[in-house]
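J.: Got a structure for you, written out below as structure tokens; questions coming shortly.
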Amino acid sequence: MEIKDIVKKVKQIEIRTRKKTEASLMGQYHSAFKGQGMTFSEVRPYQFGDEIRRIDWNKTARFREPFVKVMEEERELTMMILVDISASMDYGTKGQLKREYVAEIAASLGFSAAGNNDKVGLILFADKCIK
């Protein structure tokens with residue numbers, strides 16, 4: 200199997216999985232952690248237990264009830280794909296070797312992450328040191 204065949208298969212897989220990835224991975228990930236992030240999220244009414252330093256004093260004075268600023272951290276994922284390139288990957292059936300399956304899967308994962316504006320890295324390893 201040649202590289203162009205793998206790319207063709209990956210594009211077919213990408214088309215089938217695009218809806219699923221767009222629904223669950225929107226590229227920039229907003230943290231579940233509310234706190235001292237860099238992006239303003241909202242102003243909401245004060246709830247018992249909120250930090251006093253988060254009070255929006257202007258809005259509190261205007262409406263005569265306490266409001267707090269909520270900040271949100273933006274996070275970006277980094278995906279590292281590890282691929283075994285040892286001789287054991289040459290095993291397979293007449294139709295396809297393990298090496299070809301792994302190439303398709305790694306390419307699919309990489310294209311999916313890159314399409315969501317995430318960082319992607321590839322690490323190849325084997326049983327012997329390759330220089």
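Using the working numbering, read the sequence shown as starting at 200 and increasing by one per residue. Don't be surprised by glycine CBs; every beta carbon is placed ideally from N, CA and C. Every value quoted in this text rests on a predicted model; they were computed, and no experiment measured them.
1. For S240, I'd like the list of residues in its chain whose CB is within less than 7 Å of its CB, leaving aside the five on either flank, ordered along the chain.
2. Jot down the residue ranges of each uninterrupted alpha helix (DSSP H) in the region 289–320, minimum 4 residues, whole runs only, in chain order.
3. Which partner residues does I280 have in the DSSP bridge list?
4. Just the Cα atoms here: how many angstroms apart are K318 and K208?
5. Note down, in chain order, each residue of its chain lying with its Cβ closer than 8 Å to the Cβ of I322, except the 5 sequence neighbours on either side.
6. For I254, list the residues DSSP reports as bridge partners.
7. I'd like to know whether the C-beta atoms of V242 and I254 end up nearer to each other than 8 Å.
8. Taking 8 Å as the cut-off, decide whether the C-beta atoms of A312 and S285 are in contact.
9. Please report how far the alpha carbon of K293 lies from the alpha carbon of T238, in whole angstroms.
T.: So, to answer that:
1. V269, M270, E271
2. 297–314
3. L321
4. 22 Å
5. M279, I280, L281, V282
6. V267
7. no
8. no
9. 54 Å
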